[in-house]
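Okay, so here's the structure we're looking at.
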Amino acid sequence: VGVSSTAFSDFVVGHGELWNSRLFTSYLQHSGITRARMVDARDVLVVEPSEQDTVEVDYAASSANLDAWHREHVPPGSDEAASPIVV
């Protein structure tokens, strides 16, 4: 039995976050918030590597992506709001 690689660990953690978001969205919908939507952060969040071996968020690009997601998934004139949930 070996030790998992960082890439594999990131893969597992990432899928756990996706499932958590799906479950939470389903919970909200079944609790009466029928217009709840899951936003996959991979579709909107833009990051770049930083010097500290982490990432820096590109807020302008991420905001533009979230606006585009909202236009595509939320009917015009709706009072719905959506924000990505990252756990």
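Numbering (the numbering used here), first residue to last: 651 to 737. Backbone N, C-alpha and C define an ideal beta-carbon position, used for all residues, glycine too.
* To do: Counting only the same chain and skipping the five closest in sequence on each side, list residues whose C-beta sits under 6 Å from that of LEU716.
  => VAL694
* To do: Report the rounded CA-to-CA distance for GLY666 versus SER728, giving the unit in angstroms.
  => 31 Å
* **Beta-carbon spacing of MET705, VAL697 below 7 Å** => For the record, residue 705 in the displayed sequence is Val; it is not Met. Cβ atoms of VAL705 and VAL697: closer than 7 Å.
* Asked: Name the DSSP beta bridge partners of PRO699, please?
  -> VAL705
* Asked: Can you tell which of ASP660, LEU678, ALA686 has the C-alpha that lies nearest to the C-alpha of HIS723?
  -> ALA686
* Which value, in whole angstroms, describes the spacing of the CA atoms of ALA718 and LEU668? -> 20 Å
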